[in-house]
Structures are given as C-alpha cells and as structure tokens.
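Q: Okay, so the sequence shown: first residue is 42 according to the numbering used here, each after it adds one.
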Amino acid sequence: MLDNMEAIWLYQFRLIVIGDSTVGKSCLIRRFTEGRFAQVSDPTVGVDFFSRLVEIEPGKRIKLQIWDTAGQERFRSITRAYYRNSVGGLLLFDITNRRSFQNVHEWLEEARSHVQPLQIVFVLVGHKCDLEAQRQVGRQEAEKLAGAYGMRYVETSARDAINVEKAFTELTRDIFELVKRGDITIQEGWEGVKSGFVPNVVHSSEEVMKSDRRCLC
Ligand SMILES: Nc1nc2c(ncn2[C@@H]2O[C@H](COP(=O)(O)OP(=O)(O)OP(=O)(O)O)[C@@H](O)[C@H]2O)c(=O)[nH]1
Ligand SMILES: [Mg+2]
Numbered sequence: 042m043l044d045n046m047e048a049i050w051l052y053q054f055r056l057i058v059i060g061d062s063t064v065g066k067s068c069l070i071r072r073f074t075e076g077r078f079a080q081v082s083d084p085t086v087g088v089d090f091f092s093r094l095v096e097i098e099p100g101k102r103i104k105l106q107i108w109d110t111a112g113q114e115r116f117r118s119i120t121r122a123y124y125r126n127s128v129g130g131l132l133l134f135d136i137t138n139r140r141s142f143q144n145v146h147e148w149l150e151e152a153r154s155h156v157q158p159l160q161i162v163f164v165l166v167g168h169k170c171d172l173e174a175q176r177q178v179g180r181q182e183a184e185k186l187a188g189a190y191g192m193r194y195v196e197t198s199a200r201d202a203i204n205v206e207k208a209f210t211e212l213t214r215d216i217f218e219l220v221k222r223g224d225i226t227i228q229e230g231w232e233g234v235k236s237g238f239v240p241n242v243v244h245s246s247e248e249v250m251k252s253d254r255r256c257l258c
C-alpha cells in the first residue's frame with residue numbers, strides 16, 4: 042500500500058544540471074538522490090540519469106527526472122540534445138573557482154540557443170560552500186548576477202549536505218507555480234512536464250461506477 046501511495050505524483054519535471062567540469066554536479070545530484078557523498082568522483086561521460094520524488098506540499102509529490110551532464114567540452118555535442126526536453130535546470134559554479142563563475146554567461150547562452158522558443162527555469166548554484174577559506178567568488182556578486190538573469194541564487198555543499206534539498210525543492214516549487222498559472226503547459230512531443238501517474242486503485246473505482254450505471258439501464 043505504501044509503495045502505491047509513494048508512486049502517486051502530480052507531475053513529472055525534467056531537470057538538467059550544467060556547469061564546468063569538476064564544479065560538483067554529479068556529487069550534488071548523488072547527495073540529493075542517494076543521500077551520500079563520494080570524495081572520489083569520476084568525470085561524467087556524456088549524460089547520466091537520476092530520479093527522485095519531492096513533496097512540495099503535504100501529499101503533493103512531483104517526480105523529478107534529473108539529467109547530469111558532462112562539463113567537459115568534448116561531450117558538448119551530446120549534452121546539447123538534452124536542453125530541449127528540460128523544463129528547469131541547475132547551473133553550477135564552484136565558489137573556489139573563479140573561472141567556473143565567469144563561464145556562467147556562456148552556459149546560459151548555450152542553454153538558451155538550444156531551447157528556443159521554449160524557456161528553461163534555472164537556479165544559479167554556488168557549490169562547495171564548505172570550502173569558505175578558499176572562496177574566490179563573493180556571495181553578493183553571485184546574487185547580483187543571478188538577479189540580472191532573473192534566477193534564484195543558492196549556495197550548496199554536497200560534502201556537508203548544506204542547502205541541497207533547498208536548491209532542488211525551491212526550483213521544483215517555482216516550476217509548479219508556473220504550471221499552475223498556465224505559463225508552462227504540457228505539450229505533445231515535449232518531455233519537460235508530464236502530468237501525473239494515477240494508480241490502478243482510482244481507475245478501478247471509476248470502472249465500478251461506470252458498470253453500476255450500466256446495470257441501472
Ligand atoms: N569540498 C567539496 N568538494 C566537493 C563537493 N562536491 C563535489 N566535490 C568534489 O569536486 C570534485 C568533482 O566533483 P564532480 O561531482 O565529479 O564534478 P562534475 O561537475 O560532475 O564534473 P564533470 O562530470 O566532469 O562535469 C570531486 O573531487 C568531489 O569530491 C562539495 O560540496 N564540497
Ligand atoms: Mg559529473
């Protein structure tokens with residue numbers, strides 16, 4: 042019964058995670074989906090796939106399908122194909138690596154050019170915030186950049202499990218609001234948002250009602 046309950050979700054959202062190689066995309070996703078941190082993490086080859094349910098309000102669940110992309114340039118032609126079917130994304134930089142912050146513009150351009158005329162709701166993530174002593178990008182500076190692009194900004198650590206839930210949940214809530222308002226709509230041939238899975242129990246009770254009616258005739 043519990044399994045059945047857990048399988049109920051209102052919507053499925055596809056999210057893409059992008060940013061320079063070694064900023065910590067795979068570690069952040071693993072912390073979120075598997076609840077653990079691996080100090081040694083191999084560079085992602087092409088694209089990996091993860092999923093998790095998120096409860097945005099009591100009893101309201103969203104299924105997230107998360108595409109973990111390779112930051113290395115040589116995989117760019119593969120990762121490009123995943124933008125179009127994503128409704129949201131996390132754009133990561135490493136707060137101890139200034140270069141990864143400077144590349145945020147380039148990542149946004151890359152995403153925009155491959156998703157037009159659709160849009161992706163991005164959150165800017167300053168990752169590895171446990172390494173405060175090695176910080177090269179100020180929080181205010183990052184907030185300003187995020188604001189200029191209309192994105193939220195959050196600082197996370199996969200190592201110390203800081204703000205990991207927050208980063209994914211707030212993005213999910215933002216997308217949910219846009220779907221509720223009709224600013225994002227479900228479309229045939231687009232995988233970004235799919236409507237919910239309704240378990241058999243509901244179908245069968247509907248069928249009972251129908252067959253009752255038939256009996257009355
Ligand atoms: N201190 C610290 N290190 C982290 C954190 N997250 C990831 N790392 C380290 O950063 C390195 C790279 O992490 P990955 O998650 O593999 O990086 P990636 O962005 O997926 O890299 P690509 O797959 O090549 O694009 C690893 O050595 C991790 O241990 C964190 O929150 N804090
Ligand atoms: Mg990776």
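For every residue, glycine included, the Cβ atom is placed at its ideal position computed from N, Cα and C.
The model shown is predicted, which means the values in this text are computed figures rather than measured ones.
Is there contact here, the region 165 to 173 with the region 121 to 130, by at least three beta-carbon pairs under 8 Å?
A: Counting Cβ pairs under 8 Å, fewer than three are found: no touch.
Q: Just reading off the alpha helix (DSSP H) that Phe78 is part of, what are its end residues?
A: Segment: none, Phe78 is in no alpha helix (DSSP H) and carries neither H nor E.
Q: Measure the CB-CB distance between Val9 and Ala111 and report whether it falls below 8 Å.
A: Since the first residue shown for the chain is 42 and the last is 258, residue 9 is missing from the structure and cannot be characterised.
Q: Beta-carbon within less than 8 Å of Ser92's beta-carbon, same chain only, minus the 5 sequence neighbours each way: which residues are those?
A: Excluding residues within five positions, the ones whose Cβ falls inside 8 Å are Thr74, Lys104, Leu105, Gln106 and Ile107.
Q: Are the region 127 to 140 and the region 211 to 227 touching, with three or more C-beta to C-beta distances below 8 Å?
A: Yes, they touch.
Q: Let me confirm a value: Gln175 is counted as buried when at least 16 other C-beta atoms fall within 10 Å, else exposed. Which label applies?
A: Exposed.
Q: Any heavy atom of ligand 2 closer than 7 Å to the CB of Ser118?
A: Ser118: no, Cβ never under 7 Å from ligand 2.
Q: Measuring straight from C-alpha to C-alpha, what distance separates Phe116 and Thr85?
A: About 9 Å.
Q: Give the range of the alpha helix (DSSP H) segment to which Arg287 is assigned.
A: Only positions 42 to 258 of the chain appear in this structure, which leaves residue 287 out of reach.
Q: Quick one: grab the DSSP three-state call for Arg115.
A: Reduced to three states, the DSSP call for Arg115 is helix.
Q: Tell me whether Gln53 is buried or exposed, calling it buried when 16 or more other Cβ atoms sit within 10 Å of its Cβ.
A: Classification for Gln53: buried.
Q: Which residues, in chain order, sit with a beta-carbon under 7 Å away from any heavy atom of ligand 2?
A: Residues with a Cβ closer than 7 Å to any heavy atom of ligand 2, in chain order: Lys66, Ser67, Ser82, Pro84, Thr85, Asp109, Ala111 and Gly112.
Q: Count the other CB atoms within 10 Å of the CB of Asp135; is the residue buried (16 or more) or exposed (fewer)?
A: That one is buried.
Q: If we ignore side chains and look at the alpha-carbon of each, how far apart do Ser198 and Glu173 end up?
A: Approximately 11 Å between the Cα atoms of the pair.
Q: Assign Ser118 to buried or exposed, taking buried as 16 or more other Cβ atoms, counted over all protein chains shown, within 10 Å of its Cβ.
A: That one is exposed.
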